[in-house]
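J.: Before I ask anything, here is the structure I am working with.
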Amino acid sequence: MIPELGHFALILALCLSLVLAIFPMAGSLTNTPRWVAMAKPVAWGQFTFTAIAFACLVNAFLSNDFSVAYVAQNGNSLLPTMYKISAVWGAHEGSLLLWALILGGWTVAVASLTRNLPAEVLARVLSVMGMVAIGFLSFLLFTSNPFARVFPVPAEGGDLNPLLQDPGLAIHPPMLYMGYVGMSVAFSFAIAALIGGKLDATWARWSRPWTTVAWVFLTVGITLGSWWAYNELGWGGWWFWDPVENASFMPWLAATALIHSLAVTEKRGAFKRWTVLLSLLAFSLSLLGTFLVRSGVLTSVHSFAADPARGLFILVFLCLVIGGSLTLYAWRAPDVTSGGRFSMLSRETLLLGNNLLLVVISAFVLLGTLAPLIYDAMGWGKISVGFPWFTTMFVIFTPIMVVLMGLGPLTRWKHHAPAELLRTFRVALIVSLAAGLLAALPLLHGDWSPAVGLAVLLSVWLVSSLVLSLRQRYRNPATLKALLQNPAARGNGSYFGMIIAHLGVAVFIIGVTFVTQFNIDKDVRMSPGQSIEMAGYTFRFDGVESAQGPNYRADRGRFVVSRDGKEVTRLAPEKRTYLVQRKPMTEAGIDASLLRDLYVSLGEGLGDGDWSLRLYYKPFVRWIWLGGLLIAIGGLCAALDRRYRLPVPARAGRSVPATGKTLAEEAHR
Amino acid sequence: MARYLRYLIPLLLFTLLVGLLYRGLSLDPKLVPSPLIGKPMPGFTLTRLDDPDKTISDADLKGKISLLNVWATWCTSCRAEHETLVEFARTGKVAIYGLNYKDDRADAQRWLMQLGNPYIANAFDPDGRTGIDWGVYGAPETFIMDKHGIIRHKHIGPLTGQVIASEILPLIAKLEASE
């Protein structure tokens, strides 16, 4: 009975999303206040019914209701409660329901948290989100109903994929979906603005905090995914350029460009068309990711059950959403006025440069991801694009980007004299060049290490430019005093958010480079009692014992790691066999610290107590995720900036001169 | 006019992408065509997995419709397909041979003892030479040969009940009928 209620609730949610898509939009265009006023309550209704449907599915998992096909495939009575809940989004149908729920959540958040938004603008935004919801809810109901029953009812469920039975992965998809779906807010704001023809600083200001929050979720989601892969997949890697990873990375790149471009649009009224295009792009790439993951056109470690009917459905949906929005763009964008002008050397130019780089990188990632498909479709044969392609791309683009990132915050809007800029950066330039050279010297490892030198140079450059910026901002004791008295004052959030996020990038670069350059790994065969030296640590293997988990059996290795005769840590890598799916899973034994990880994973038992093992020494690997975390924290600070909560007029009054001047300049031309 | 065309660029790029994705829907990324299909199977003479003193060669597979399954103990997908293969062997529809690929003899023997042995015989290919001749990308892979030892089909990835029912059984029926 309860699953049928869920199904029914889902149908109601679809009906309400139809109402949401039609009436408020029509009302805003025909000046019918009663229809405009429907937006908020209908958005709430749609969310409530989706939430009821979701709760019904959670209930089916918790109560082991194997008469529901989806639960029978992915649930099991032995699953720990936490994984019973996360199993809800462990496969295609449920994850799509989670997607719809999150979309409903963002819709009501926009409905109730945006103040100062004219009613018809809000109505349009919510309407566009309703249109997106129609797509997802009908996709659920027509191709992927999570409430379908199965008969005869199996006695036990097929269990959740053991790869997904990990706390990191339980929260990774919701975070990622929050990010993907959050991009629909920026998208809807852009569409509403294109329809209304009012693309101005106010629009950017409304859209900005939402975009930043979605971007923070996406950052956290990707970081968690990488951390999970490192823990769970047992080969010590943290990023694989898998199509599905790329599918999450592309919208992230586009969204990163977007949050910077929004800043320019808000502050200077420039880049309007570009910002709109990026808003459309970020969400389009999220949708494209969904298509790639669920249609089976590419092979991936993550792929969901592929079904051509589903693929076709999403493709049609993609055409409607992306094609429709780009058509609207092609139609309305030519009429958008250009914003404030700027000279070759100005913050605008630098931000534009970074924006273009981010978009180019994401185009390259897209090309690398789709290359196997392109080859196949053209009949050129089969290829797989691996690490070298993506690594080369990053080695080429990252340095340019970081140089611009360092310059950006210290460069003035509109125009900055080159000589003056050089003077400002003199010290930073010398310090970073010296640090880079020092790091590249063959002192530590006996060889020149240009990669390490470059990484250190870039990081020091970035950090020193941040220090310079702080010094410039707080050179005057009065400003420092003001900061201490009221740290949460307007503008501080975005400023410190920028500092923290950029610091995160510096940390990330160090992590990636050091772990790639100085990683040591060994594949060995060990007998109990045997010891092996690696990177100054002694790993003693004390054999493998059997262990029993709630729904798995495990072989658990015992290691004592010591350095200079002193015990450092004990590691217990496991090789688990989950009882239902009989899939072997590795749980690496990891001793983590800020400067290095020691990582052991069990291979195969070779008889007589011998095992094949993999040992890793991974310096600075934590910095990769620390960097990701800092970037996310920075974004959060920026999103929480007080100025987004202040009434608009105070701000609009300030941005009017900028726009006015631009218009005047336009008139002169 | 040119001023308006600029703004159509994103839409045009997207149209190209949609064309590609639409084409992609009808392609199977797991399908790697083998140049060996329609050709005689590559010759080999290897020791038998169960007995290093005996050998097995391509001649043993000829004279009947045969199936060669490439597998290894380190390959988790092979474990996934093993049960299907054991069941399929019970039907006796086709002579199933194995190529134990880049593996350890003792491990492989233990595996067959524990999980059941669907194979008439296994060729032991520890360094993967024969695998290279056969164009093996990775285990598991399955080849079907006709009576004359001509390779008729190659399946990459684990066998499932569905693959056997929809690909392999119809092919065997066709080969039997044509003879």
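Protein chains in written order, with numbering that gives the first Met the number 0: chain A, 0 to 668; chain B, 0 to 178.
Each residue gets a CB set at the ideal place from its N, CA and C atoms; glycine is no exception.
Ordered along the chain, which non-local residues of its own chain (more than five positions away) have a Cβ less than 8 Å from that of V560(A)?
T.: Y536, T537, F538, R539, E566, V567, T568, R569, L570, D590, L597
J.: Could you tell me which chain B residues have their CB closer than 8 Å to the CB of E603(A), listed as they occur along the chain?
T.: By Cβ distance, chain B contributes T72, W73, D106.
J.: Please state whether DSSP places E603(A) in a helix, a strand or coil.
T.: Under the three-state reduction of DSSP, E603(A) is assigned to strand.
J.: Check this for me: beta carbons of S468(A) and V430(A), under 8 Å apart or not?
T.: no
J.: Kindly list, in the order they appear in chain A, the residues whose Cβ is closer than 8 Å to that of F123(B).
T.: None at all; the shortest Cβ gap to chain A is about 17 Å.
J.: Quick one: list the residues of chain B neighbouring L369(A), beta-carbon separation under 9 Å, in chain order.
T.: L16, L19, L20, G23
J.: Among D375(A), A433(A), V506(A), L349(A), which one has its Cα closest to the Cα of V402(A)?
T.: L349(A)
J.: Please return the same chain residues whose Cβ sits closer than 7 Å to the Cβ of S187(A), not counting the five positions on each side in sequence.
T.: V124, V127, M128
J.: Taking a contact to mean a Cβ-Cβ separation below 8 Å, would you say Y229(A) touches W240(A) in this structure?
T.: no
J.: Tell me which same chain residues have a C-beta within less than 8 Å of the C-beta of V647(A), skipping the five on either side of it?
T.: Reliability fails at V647(A), whose pLDDT of 46 lies under 50, so the model's placement of it is uncertain and the value that follows must be treated cautiously. Excluding positions up to five away in sequence, the list reads N115, T201, R204.
J.: Which residues in chain B have a C-beta closer than 7 Å to the C-beta of F141(A)? List them in chain order.
T.: None at all; the shortest Cβ gap to chain B is about 17 Å.
J.: Going by DSSP in three states, N99(B) sits in which element: helix, strand or coil?
T.: strand
J.: How should R680(A) be labelled, buried or exposed, when 16 other C-beta atoms within 10 angstroms of its C-beta is the threshold for buried?
T.: Beyond the ends of chain A as shown, which are 0 and 668, falls residue 680(A); an answer cannot be given.
J.: If we count the other Cβ atoms within 10 Å of its Cβ and call it buried at 16 or more, is A304(A) buried or exposed?
T.: Low local confidence applies: a pLDDT of 49 at A304(A) is under 50, so the model's placement there is unreliable, and no value is given.
J.: Identify whether G224(A) lies in helix, strand or coil by the three-state DSSP scheme.
T.: Secondary structure of G224(A) (DSSP, three-state): helix.
J.: To which residues of the same chain is G127(B) closer than 8 Å at the C-beta, ignoring the five residues directly before and after it?
T.: Y100, K101, V135
J.: Between the Cα of A169(A) and the Cα atoms of W214(A), V184(A), E119(A), S94(A), which residue gives the shortest distance?
T.: Per the Cα distances, S94(A).
J.: Would a C-beta distance cut-off of 8 Å place T218(A) and G634(A) closer than the cut-off?
T.: yes
J.: With a threshold of 7 Å on Cβ separation, who are the neighbours of T423(A) within its own chain once the five nearest residues in sequence on each side are excluded?
T.: L409, L467
J.: Nearest chain A C-beta to P39(B) closer than 8 Å, yes or no?
T.: Under the Cβ criterion of 8 Å, P39(B) is not counted among the residues facing chain A.
J.: Would you say G490(A) faces chain B, with C-beta separation under 8 Å as the test?
T.: no
J.: Using a Cβ-Cβ cutoff of less than 7 Å, which residues in the same chain neighbour L365(A) once the five nearest sequence positions on both sides are dropped?
T.: M249
J.: Who pairs with W70(B) in a beta bridge, going by DSSP?
T.: Answer is N99(B), bridged to W70(B).
J.: Which residues in chain B sit within 7 Å of L355(A), going by Cβ to Cβ distance?
T.: Under the 7 Å cutoff, chain B gives no residues; its nearest Cβ is about 14 Å from L355(A).
J.: Find the nearest neighbour of V543(A) within the set P151(A), G528(A), M533(A), judged by alpha-carbon distance.
T.: G528(A)
J.: Closer than 8 Å by C-beta to L139(A): which residues in its own chain qualify, once you throw out the five before and the five after it? Chain order, please.
T.: L9, E92, L95, L96, A99, P145
J.: Per DSSP, what are the beta-bridge partners of T46(B) in this structure?
T.: T54(B), F123(B)
J.: By the criterion of Cβ-Cβ separation under 7 Å, what are the contact partners of P9(B) in chain A?
T.: L276, L325, Y328
J.: Taking 7 Å as the line, does the beta carbon of K53(B) fall inside it for any heavy atom of the ligand FMN?
T.: Because no ligand of any kind appears in the structure shown, any question about the ligand FMN cannot be addressed here.
J.: For V87(A) and K146(B), what's the separation of their Cα atoms in angstroms?
T.: 50 Å
J.: Can you list, in chain order, the residues of its chain with a C-beta nearer than 7 Å to that of A439(A)? Leave out the 5 residues immediately preceding and following it.
T.: Same-chain partners within the cutoff: W447, S448, P449, V451, G452.
J.: Would you report the Cα separation of T80(A) and G89(A), rounded to the nearest angstrom?
T.: 14 Å
J.: For the stretch 324-387 of chain A, which segments carrying the alpha helix (DSSP H) assignment without a break, of at least 4 residues, lie completely within its bounds, in sequence order?
T.: 346-377
J.: Within 10 angstroms of the Cβ of I360(A), are there 16 or more other Cβ atoms? Answer buried if so, exposed if not.
T.: Per the 10 Å Cβ criterion, buried.
J.: Under 6 Å Cβ to Cβ from K197(A), same chain only, skipping five residues before and after it: list those, please.
T.: none
J.: Shorter than 8 Å from the beta carbon of I360(A) to some beta carbon of chain B?
T.: no
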